[in-house]
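So the sequence shown is numbered by my numbering: it starts at 257 and just counts up by one.
Down below is the structure, laid out as structure tokens.
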Amino acid sequence: MNDKAGIASKFIGTWRLASVEARRPNGEVAPTPARYGTKTVGYLMYDSTGHVAVQIMRPDRPKFAVNDIDKGTPEEVKAAWEGYSAYFGTYEINDAEGFVVHRVEGSSFPNYVGSEQKRFYELSGDTLVLKPPQRQVGNEQLNMRITWQRVK
């Protein structure tokens, strides 16, 4: 971790997902991407050794017909995959420019492994907002705001 004024101590802890919001470049609210659904749950954890872990899930994912993780049908596996996102690694905060970088070591999305995921942040008390780079969703570019509340 590389931060000058102890900002890392304000990140350290467990955060519960409060909301996921999508906006078009003009600021208009857009429908949240299907991956997140409307009642998404998740946790984000930063520790004092510089490690980060995040898990986000749609709680309405259908269960497999058979209670065996290795025997889902292709449709069941697809629905499970589309409703769950997780990664872990290390993090570094750049307080001067207002962003945190997550260096991904493992991820449910294989393309993230070995990548650096930059997130601009707003931190106020027990609320942390992470803003990933603009991304293509369907046929439009969206700006995401992922809001987390500190777990007490």
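Even glycine gets a Cβ: it sits at the ideal position worked out from N, Cα and C.
A quick note: this is a predicted structure, and the numbers were derived from the prediction, not measured.
Extent of the continuous beta strand (DSSP E) to which residue i belongs
i    : result
K334 : Premise fails: K334 lies in the alpha helix (DSSP H), P330 to E338, not in any beta strand (DSSP E).
I325 : Counting along the chain, I325 falls outside any beta strand (DSSP E), and DSSP gives it neither H nor E.
K374 : E372 to S380
A352 : Element bounds for A352: n/a, residue is neither H nor E.
V385 : T383 to K387
V297 : V297 to Y302
V308 : H307 to M313
Limits of the unbroken alpha helix (DSSP H) element including residue i
i    : result
F267 : I263 to F267
Reduced DSSP secondary structure (H/G/I, E/B, other) of residue i
i    : result
Y292 : coil
N282 : coil
N367 : helix
G394 : coil
V360 : strand
V276 : strand
R317 : coil
Top-ranked residue by Cα proximity to residue i, from the options
i    : options                   : result
M395 : Y340, P366, K266 and R280 : The question names Met, but residue 395 is Asn in the sequence shown. When each option's Cα is compared against that of N395, the closest is R280.
I268 : T305, E372, F376 and V393 : T305
R291 : E353, N399 and V393       : V393
S364 : Y340, G381, D382 and T383 : Y340
Nearest-angstrom Cβ-Cβ length linking residue i and residue j, presumed shorter than 8 angstroms
i    : j    : result
T294 : L273 : The pair is not a contact, with the Cβ atoms about 12 angstroms apart (cut-off 8 angstroms).
The stretch 394-405 touching the stretch 313-325, judged by at least three CB pairs closer than 8 angstroms:
No: the two stretches stay apart, fewer than three of their Cβ pairs being nearer than 8 angstroms.
Given 8 angstroms as the limit, is there contact between the stretch 344-351 and the stretch 292-310, that is, 3 or more CB pairs closer than that?
yes
With contact counted as at least three CB pairs below 8 angstroms, one residue from each stretch, are the stretch 352-370 and the stretch 320-331 in contact?
Cβ pair count under 8 angstroms is below three, so no.
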